[in-house]
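All remarks here apply to the structure that follows.
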Amino acid sequence: MADVTPEQRLGRLRSSIDNIDAALVHMLAERFRCTQEVGILKAEHEMPASDPARESRQIARLRSLAEDANLDPEFAEKWFNFVVAEVIHHHTEIAAER
Ligand SMILES: O=C(O)C(=O)C[C@]1(C(=O)O)C=C[C@@H](O)C=C1
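Now the structure itself:
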């Protein structure tokens, strides 16, 4: 790789980062599409917006996956809680609109 300049290496790495960011956006959009349906189902059947027991199981699973993948489990949990807070906000709005 002696003929590759630092600028070229940076450009290649940034290109991969851009692909990964695009994949993350698409995966998040898909997740929110699913949770939108969950929100409608829950509102239709007067089920609570949040399910703390389910969240505990998800967090335990994600922390274990993060450890195996060499990702900080604290970060994985923070990311999950951030996403779920938004989902619960959406669920609450859907229920209020009915
Ligand atoms: O599985 C559910 O019951 C959901 O509403 C989805 C979800 C999630 O985003 O994963 C969100 C809120 C709940 O507290 C648990 C999980």
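Residue numbers for the sequence shown follow this note's numbering, beginning at 29 and rising by one.
In this text, a Cβ means the ideal position worked out from N, Cα and C, and glycines have one as well.
{"Item": "Does DSSP classify His73 as helix, strand or coil?", "Value": "coil"}
{"Item": "Express the C-alpha separation of Ile48 and Ala88 in angstroms, rounding to a whole number.", "Value": "25 Å"}
{"Item": "Output needed for Pro101: all residues of its chain with C-beta closer than 7 Å, excluding positions within five of it in sequence on either side, in chain order.", "Value": "Arg91, Ala94 and Glu95"}
{"Item": "For His119 and Val111, what's the separation of their Cα atoms in angstroms?", "Value": "12 Å"}
{"Item": "Go to Arg85, then tell me how far its alpha helix (DSSP H) extends in each direction, as first and last residue.", "Value": "Pro80 to Asp96"}
{"Item": "Regarding Ser78 and ligand 1, is the C-beta to nearest heavy atom distance less than 7 Å?", "Value": "yes"}
{"Item": "Would DSSP call Arg126 helix, strand or coil?", "Value": "coil"}
{"Item": "Could you compute how far the alpha carbon of Ala124 sits from the alpha carbon of Gln86?", "Value": "26 Å"}
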